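Residues in the sequence shown are numbered from 1 upward in steps of one, following the numbering used here.
We treat Cβ as the ideally placed atom computed from N, Cα and C, and that holds for glycine.
Only a predicted model underlies this, so the values are computations on that prediction, with no experimental measurement involved.
First comes the structure, then the notes that go with it.
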Amino acid sequence: MAYDAVLAETVGIRGHGDDLVEAYTARPMAPGPRGGVVVIHHMPGFDRESKEVVRRFAVLGYDAICVNLYSREAPGAAPDDAAATARAHGGVPDERFVGDAKAAARWLRDLPTSNGKVGTIGYCSGGRQAFLSSIEVDVQAAVDCYGAFVVGTPPEGFPLQVQPLADRVGEVRAPILGLFGNDDSYPTPEQVDELEKLLQEHGKTYEFHRYDGAGHAFFSVDRPSYRPEAAVDGWRHVEAFFATHLAG
């Protein structure tokens, strides 16, 4: 009988500025070596759904970690309250995210089971941050799930106030997988087209998949936006993409 188990727990890691930040981890109770995945939570925060994704990657055979990017805004607060506080500040500053993401990647590589390869995956605001990680962090693969404002600028009053990354596409260092809904407003299909054209112009390795009848947050099983067919197909591409780039 095959042994099948994962260990999931909350840990503290030293993130940007050497701050102690909360993170949720899961890893198979099996010998390595294996790749690692940094899960970047969506704008609603470090919630149950984000932790379920971490555990899913452990079941798939990866060491995985998700940093609570709102640890500083609202330590110990419920996810909805912490997210509201973060939105009031325009989201997480890019520099701070990068510091936390580098710490998460380092934590994965320090595990005795690590093969040295790390990927990132992010949803919503985390999709943009996953794209940013392909520029700023030593990763071997990055998955952008409907990340807003990789290109394009947030409208006035929008809860996420960040700068677009269009002028940095030439700096991308890792293969990109992009998963988008054609009914999304942030990013729009036109913005996805723009990003794809930039990746092509700079000769980057990427693959995009787009879904009719799906809008923003189509992976979110607990939300009305959930679209099972798009999510199932999206997961199929995620699994194949990480198997290609994080194996060995």
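In this structure, how does DSSP classify residue i when only helix, strand and coil are distinguished?
{"i": "Ser-134", "result": "helix"}
{"i": "Gly-248", "result": "coil"}
{"i": "Asp-110", "result": "coil"}
{"i": "Arg-27", "result": "strand"}
{"i": "Thr-85", "result": "helix"}
{"i": "Gly-91", "result": "coil"}
{"i": "His-237", "result": "helix"}
{"i": "Gly-17", "result": "helix"}
{"i": "His-57", "result": "Per the sequence shown, residue 57 should be read as Phe rather than His. DSSP places Phe-57 in helix when its eight states are reduced to three."}
{"i": "Gly-32", "result": "coil"}
{"i": "Lys-204", "result": "coil"}
{"i": "Val-98", "result": "helix"}
{"i": "Asp-144", "result": "strand"}
{"i": "Arg-227", "result": "coil"}
{"i": "Ala-166", "result": "helix"}
Sort the options by Cα distance to residue i and report the nearest one.
{"i": "Asp-212", "options": "Ala-64, Ala-8, Glu-229 and Pro-44", "result": "Glu-229"}
{"i": "Leu-246", "options": "Val-118, Tyr-206 and Asp-193", "result": "Val-118"}
{"i": "Tyr-24", "options": "Tyr-3, Ala-148, Phe-46 and Asp-18", "result": "Phe-46"}
{"i": "Glu-9", "options": "His-16, Val-151, Leu-20 and Ala-26", "result": "Ala-26"}
{"i": "Asp-4", "options": "Gly-17, Leu-60 and Ser-50", "result": "Leu-60"}
{"i": "Gln-191", "options": "Lys-204, Gly-203, Phe-208 and Pro-175", "result": "Phe-208"}
{"i": "Phe-241", "options": "Pro-155, Gly-178 and Arg-210", "result": "Gly-178"}
{"i": "Ala-148", "options": "Gly-126, Asp-63 and Glu-156", "result": "Gly-126"}
{"i": "Arg-210", "options": "Val-162, Ala-101, Ala-231 and Gly-181", "result": "Gly-181"}
{"i": "Ala-214", "options": "Leu-199, Val-137, Asp-233 and Tyr-206", "result": "Asp-233"}
{"i": "Ala-64", "options": "Pro-75, Gln-140, Thr-153 and Lys-51", "result": "Lys-51"}
{"i": "Leu-199", "options": "Ala-141, Ile-176 and Glu-49", "result": "Ile-176"}
{"i": "Val-238", "options": "Thr-205, Pro-79, Ala-142 and Pro-44", "result": "Ala-142"}
{"i": "Gly-17", "options": "Gly-99, Arg-168 and Gly-248", "result": "Gly-99"}
{"i": "Gly-205", "options": "Thr-153, Thr-244, Ala-77 and Val-67", "result": "The question names Gly, but residue 205 in the sequence shown is Thr. Measuring from the Cα of Thr-205, the nearest candidate turns out to be Thr-244."}
Buried or exposed: which applies to residue i, given that a residue is buried once 16 or more other Cβ atoms fall within 10 Å of its Cβ?
{"i": "Tyr-146", "result": "buried"}
{"i": "Ser-185", "result": "exposed"}
{"i": "Leu-7", "result": "exposed"}
{"i": "Arg-227", "result": "buried"}
{"i": "Ala-105", "result": "buried"}
{"i": "Arg-223", "result": "exposed"}
{"i": "Ala-174", "result": "buried"}
Tell me which residues share the same chain as residue i and place their Cβ nearer than 7 Å to its Cβ, disregarding the 5 neighbours each side in the sequence.
{"i": "Gly-116", "result": "Arg-109"}
{"i": "Val-11", "result": "Ala-23 and Thr-25"}
{"i": "Ala-231", "result": "Phe-218 and Phe-219"}
Output needed for residue i: all residues of its chain with C-beta closer than 6 Å, excluding positions within five of it in sequence on either side, in chain order.
{"i": "Glu-171", "result": "Ile-135"}
{"i": "Asp-144", "result": "Gly-127, Ala-130, Phe-131 and Gly-178"}
{"i": "Ala-157", "result": "Strictly speaking, residue 157 in this sequence is Gly, with Ala absent from that position. Here the set comprises nothing."}
{"i": "His-42", "result": "Tyr-123, Cys-124 and Gly-126"}
{"i": "Lys-102", "result": "Val-137"}
Under the criterion of a Cβ to heavy atom distance below 7 Å, does residue i qualify as lining the ligand NAP?
{"i": "Val-150", "result": "Looking at this structure, you won't find the ligand NAP or any other ligand, since it has none at all."}
Which same chain residues, not among the five before or five after residue i, have their C-beta less than 8 Å away from its C-beta?
{"i": "Val-151", "result": "Pro-164, Leu-165, Ala-166, Pro-187, Gln-191, Glu-194, Leu-195 and Leu-198"}
{"i": "Pro-31", "result": "Thr-113"}
{"i": "Glu-73", "result": "Ala-82, Thr-85, Ala-86 and His-89"}
Does the pairing of the stretch 214-229 with the stretch 34-41 give three or more beta-carbon distances under 8 Å? no
When you compare the stretch 113-130 with the stretch 71-85, are there three or more beta-carbon pairs, one atom per stretch, that lie closer than 8 Å? no
Does the stretch 87-105 touch the stretch 53-63, meaning 3 or more C-beta pairs lie closer than 8 Å? no
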